[in-house]
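Asks: Residue numbers (the working numbering): 3 to 185.
Backbone N, C-alpha and C fix where the C-beta goes; we use that ideal spot for every residue, glycine too.
These numbers come from a predicted model, not from an experiment.
I am attaching a structure below and will ask some questions about it afterwards.
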């Protein structure tokens, strides 16, 4: 049976900090639902009702487009190697870009990773814990460095061009907030 709360307990925060991977889920009012895996030590708990993750340049920018349209964001963690648990954080997301006033205060909590594009902040409205009894065991073998290496080799100028070409609208045509700005 699922258990709901309105904020993150110390036990939940400890569980989150031990995870190597998480998933984001967003959807526009009409169009495709997006579920995206994340890793690389990019997640931070900012308070018992606020979390954030460093979003890296990728092939698309669905999360930002969906958040800009309706604010809805779900973040999910699964235990693959401990006591079975699925944790979902539901709430309202915001996108913080390097040119935004909040960037400096929030970005200091994250590592400097090549290709950092924006920070996604979630104001947590609901926390759901469920069993995870059917989630298989997996062993963490290490982080992939392919994305960071790709971004570092590309360099800032080429990354900006890439974002302008690939990250300004979602696959359903929703604007991501990177339009006509320094991407």
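Start and end of the alpha helix (DSSP H) containing residue 93?
Replies: Unbroken run through residue 93 is the beta strand (DSSP E), 88–98; no alpha helix (DSSP H).
Asks: To the nearest angstrom, how far is the alpha carbon of residue 36 from that of residue 9?
Replies: Whole-angstrom Cα-Cα distance: 25 angstroms.
Asks: Give, in chain order, every unbroken run of the alpha helix (DSSP H) that is at least 4 residues long and sits entirely within the region 70–146.
Replies: Segments of the alpha helix (DSSP H) lying fully in the region 70–146: 105–109.
Asks: Tell me, please, whether the region 68–81 touches the region 102–119 by the rule of three or more beta-carbon pairs shorter than 8 angstroms.
Replies: Not touching, per the Cβ criterion.
Asks: Along the beta strand (DSSP E) that carries residue 50, what are the first and last residues, could you check?
Replies: Residue 50 -> no beta strand (DSSP E), and no H or E assigned at all.
Asks: Tell whether a beta-carbon distance below 7 angstroms holds between residue 66 and residue 98.
Replies: No. Outside cutoff.
Asks: So what does residue 19 bridge to, in DSSP terms?
Replies: Paired residue(s): none; residue 19 is not in a bridge.
Asks: Within the continuous beta strand (DSSP E) that includes residue 26, where are the two ends?
Replies: Segment 24–28, the beta strand (DSSP E) holding residue 26.
Asks: Which class does residue 176 belong to by DSSP, given the choice of helix, strand or coil?
Replies: Residue 176 falls in the coil class under three-state DSSP.
Asks: Please name the residue, chosen from 124, 125, 22, 59, that lies closest to residue 153 on a Cα-to-Cα basis.
Replies: Of the candidates 124, 125, 22, 59, the one whose C-alpha sits nearest the C-alpha of residue 153 is 59.
Asks: Less than 8 angstroms between the CB atoms is what I'm expecting for residue 5 and residue 24, so what's the real figure, rounded?
Replies: Incorrect: roughly 19 angstroms between the Cβ atoms, too far for contact.
Asks: Where do the N-terminal and C-terminal ends of the beta strand (DSSP E) with residue 36 fall, by residue?
Replies: Residue 36 -> beta strand (DSSP E) spans 36–40.
Asks: So the candidates are 156, 89, 135, 155; which of them puts its Cα closest to the Cα of residue 128?
Replies: For residue 128, the nearest C-alpha among the options comes from 89.
Asks: Measuring alpha carbon to alpha carbon, tell me which of 50, 61, 12 ends up nearest residue 167.
Replies: Answer by Cα proximity: 61.
Asks: Is residue 56 helix, strand or coil when you go by DSSP?
Replies: Strand, per DSSP.
Asks: Give me the Cβ distance between residue 142 and residue 22, rounded to the nearest whole Å; I'm assuming they're in contact under 8 angstroms.
Replies: Contact flag correct, Cβ pair sits at about 5 angstroms.
Asks: Cβ of residue 140 less than 7 angstroms from any chain D Cβ?
Replies: Note that chain D does not occur in the displayed structure, where there is just one protein chain.
Asks: How would you label residue 184, buried or exposed, when you count the other beta carbons within 10 angstroms and need 16 or more for buried?
Replies: Below a pLDDT of 50, predicted positions are generally treated as unreliable, and residue 184, at 46, falls in that range; no measurement from the model is reported.
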